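Visitor: Reminder that position 277 of the sequence shown reads as 276 in numbering that gives the first Met the number 0, one-by-one numbering, no gaps. Sending over a structure as structure tokens; questions will come in a sec.
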Amino acid sequence: MNDTLLHASPVPVRAWAAIFALGISAFSIVTSELAPVGMLSALAKDLHQTESGAGLVVTIYGWVGALTALVAGAMPARIPRKALLVGLMLILAFSCLATTLSHSMTLFMIARMAGAIAHGTFWAFIGVVAAQIVPVEKLGVATAIVFSGVSAASVIGVPLSSLLADIAGWRSAFTAISLLSLLTASILFWTLPRLAAPVSVRLTLYYGIFKKPVLIALYAATACIISAHFAAFTYLEPLLIKTQGVPPTSISALLLASGLSGLMGNIIAGKLIDRYIKALIITSLILSAVALGALGVGNAAPHSLWLTGMLLAIWGASMAVIFVGLQTWLLRCAGDGAQPASAIYVAIFNAAIGTGALVGGRVIAVTGLQSIALFAAGTLLCSIIIVSMLKKPAH
Numbered sequence: 000m001n002d003t004l005l006h007a008s009p010v011p012v013r014a015w016a017a018i019f020a021l022g023i024s025a026f027s028i029v030t031s032e033l034a035p036v037g038m039l040s041a042l043a044k045d046l047h048q049t050e051s052g053a054g055l056v057v058t059i060y061g062w063v064g065a066l067t068a069l070v071a072g073a074m075p076a077r078i079p080r081k082a083l084l085v086g087l088m089l090i091l092a093f094s095c096l097a098t099t100l101s102h103s104m105t106l107f108m109i110a111r112m113a114g115a116i117a118h119g120t121f122w123a124f125i126g127v128v129a130a131q132i133v134p135v136e137k138l139g140v141a142t143a144i145v146f147s148g149v150s151a152a153s154v155i156g157v158p159l160s161s162l163l164a165d166i167a168g169w170r171s172a173f174t175a176i177s178l179l180s181l182l183t184a185s186i187l188f189w190t191l192p193r194l195a196a197p198v199s200v201r202l203t204l205y206y207g208i209f210k211k212p213v214l215i216a217l218y219a220a221t222a223c224i225i226s227a228h229f230a231a232f233t234y235l236e237p238l239l240i241k242t243q244g245v246p247p248t249s250i251s252a253l254l255l256a257s258g259l260s261g262l263m264g265n266i267i268a269g270k271l272i273d274r275y276i277k278a279l280i281i282t283s284l285i286l287s288a289v290a291l292g293a294l295g296v297g298n299a300a301p302h303s304l305w306l307t308g309m310l311l312a313i314w315g316a317s318m319a320v321i322f323v324g325l326q327t328w329l330l331r332c333a334g335d336g337a338q339p340a341s342a343i344y345v346a347i348f349n350a351a352i353g354t355g356a357l358v359g360g361r362v363i364a365v366t367g368l369q370s371i372a373l374f375a376a377g378t379l380l381c382s383i384i385i386v387s388m389l390k391k392p393a394h
């Protein structure tokens, strides 16, 4: 993030250190969540599943995370938020360690569910916590920093997990993620300030949220966009190998290119999202759809490795902008209902991840890998209709 921007801000240095610590936490959480994407074939082989069957790992993870996020929104105010966030990272570490000891699909799923619980709870609070640390005029920048952990997970976490899985097996990759989660818990403990617990959430607040048309529309757009994205992204490894003719040894490099572009998308979002939020999201949706559509026609005329990397870069950068934009838009519109609104948002987000993986697996089973990219592109284009109807939030 631009040093000039940070020094010009009245926000204390410790507050920015805490925001960056939350970004590291997001990196750990998302690396654990998306690690199966870069090793889906190895998981399927070792757990005696088809590729679409192994994709259910992502589906169950997303649905458990969604339910947890929804319940977490009503968590009692007396639970210290700092201790909660540190504890969640410890749960994630335990989940990844248990995953390495699994030798059947059932045990693997159970171990992953513990991580999904930590995941859903983390994202239910992260937006509200960021809003407590920095003033509202810096919320867009703070959100971009936190979400840069998501992009960094794509840049470093997922490609490195894929590389470790190729070299030493997928169990070694999850062992590394477990150690990373332990380190992250320590960093949070030392940098996160004492946070005032928000007022306990009443069910009437949830009812009030669903009376706001703008929030309903944001939830609908999120469901469409995230489902479409993960319908294709979950099966990215077999998609690239079987439709684009990408050598398996090049998958990690392509995931790295996609992640680097996502990080660039976060930088763009941090600089422009506060002023051009609607235009950025719509433009990003169009670019994502075009990139996915081009990947979907690769079976007829496979692209060069360079062009495939460019398409993944466009897709990755665009989705990073969309992630930051939707979260920022929601927090600006939610007002005093930020905590329950964020909990519902995260629940929908995670449910959409699981649903996208499930739908993607069904589409692949019926029509083949090539069609999944075209399906995702079409769904992203349809979501533009919803976003275009939204009123731009106040700056």
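Beta carbons are placed, not taken as given, at the ideal position from N, Cα and C, and that holds for glycine. Because the structure is a prediction, the values reported are computed rather than measured.
Of the choices Val-36, Leu-304 and Lys-390, whose alpha-carbon is the least far from that of Leu-162?
Guide: Nearest option by C-alpha distance: Val-36.
Visitor: For Tyr-60 versus Thr-221, is the C-beta distance shorter than 8 Å?
Guide: no
Visitor: Note down the Cα distance separating Val-386 from Thr-242, rounded to an integer number of angstroms.
Guide: 31 Å
Visitor: Give the single residue among Ile-250, Ser-101, Val-289 and Ala-129 whose Cα lies nearest to the Cα of Ile-18.
Guide: Ala-129
Visitor: So, under 8 Å CB-CB, Leu-431 and Ala-376 are touching, yes? Tell me the CB distance rounded to an integer number of Å.
Guide: For residue 431 there is no data in the structure shown, the boundaries of the chain being 0 and 394.
Visitor: Counting C-beta neighbours from all protein chains within 10 Å, is the total for Ala-319 16 or more, i.e. buried, or is it exposed?
Guide: buried
Visitor: Using three-state DSSP, classify Leu-100 as helix, strand or coil.
Guide: For Leu-100, the three-state secondary structure derived from DSSP is coil.
Visitor: Rank Ser-40, Leu-84, Ser-177 and Ala-115 by C-alpha distance to the C-alpha of Gly-396 and give the top, closest one.
Guide: Beyond the ends of the chain as shown, which are 0 and 394, falls residue 396; an answer cannot be given.
Visitor: At what residue ranges does the stretch 213-244 contain a whole run of the alpha helix (DSSP H), taking only runs of 4 or more?
Guide: The qualifying runs are 235-242.
Visitor: Looking at the structure shown, is Ile-116 part of a helix, part of a strand, or coil, going by DSSP?
Guide: Residue state, collapsed to three classes: helix.
Visitor: Evaluate Glu-136 with the Cβ neighbour count: other Cβ atoms within 10 Å of its Cβ, from every protein chain shown; 16 or more gives buried, anything less gives exposed.
Guide: It counts as exposed.
Visitor: Output the distance between the C-alpha atoms of Ser-101 and Phe-107, rounded to the nearest integer angstrom.
Guide: 5 Å
Visitor: Between the alpha carbons of Ala-316 and Ser-260, how many angstroms are there, rounded?
Guide: 5 Å
Visitor: By the 10 Å Cβ neighbour count, where 16 or more other Cβ atoms means buried, how is Ala-364 classified, buried or exposed?
Guide: exposed
Visitor: Assuming Ala-268 and Ala-143 make a contact with CB atoms under 8 Å, what is their CB distance in whole Å?
Guide: 5 Å
Visitor: Report yes or no: do the stretch 90-97 and the stretch 43-62 share at least 3 C-beta pairs separated by less than 8 Å?
Guide: no
Visitor: Could you check what DSSP says for Ile-109 in three-state terms: helix, strand or coil?
Guide: Helix.
Visitor: Can you have a look at Arg-193 and say buried or exposed, based on whether 16 or more other CB atoms are within 10 angstroms of its CB?
Guide: exposed
Visitor: Inspect the beta-carbon positions of Phe-173 and Thr-98 and report whether they are closer than 8 Å.
Guide: In this structure, Thr-98 lies closer than 8 Å to Phe-173 by Cβ.
Visitor: Report buried or exposed for Met-388, applying the criterion of at least 16 other Cβ atoms within 10 angstroms of its Cβ.
Guide: Classification of Met-388: exposed, given that the 10 Å Cβ count is below 16.
Visitor: Can you give me the C-alpha to C-alpha distance between Ala-252 and Ser-153, rounded to a whole angstrom?
Guide: 11 Å
Visitor: Could you check what DSSP says for Thr-378 in three-state terms: helix, strand or coil?
Guide: helix
Visitor: Distance check for Phe-188 and Ala-16, CA to CA, integer angstroms please.
Guide: Answer to the nearest angstrom: the Cα atoms are 12 Å apart.
Visitor: At which residues does the alpha helix (DSSP H) containing Glu-136 begin and terminate?
Guide: First-last for Glu-136: undefined, no H or E at that position.
Visitor: Could you tell me how far apart the beta carbons of Val-85 and Ala-14 are, in whole angstroms, since I believe they sit closer than 8 Å?
Guide: Incorrect: roughly 18 Å between the Cβ atoms, too far for contact.
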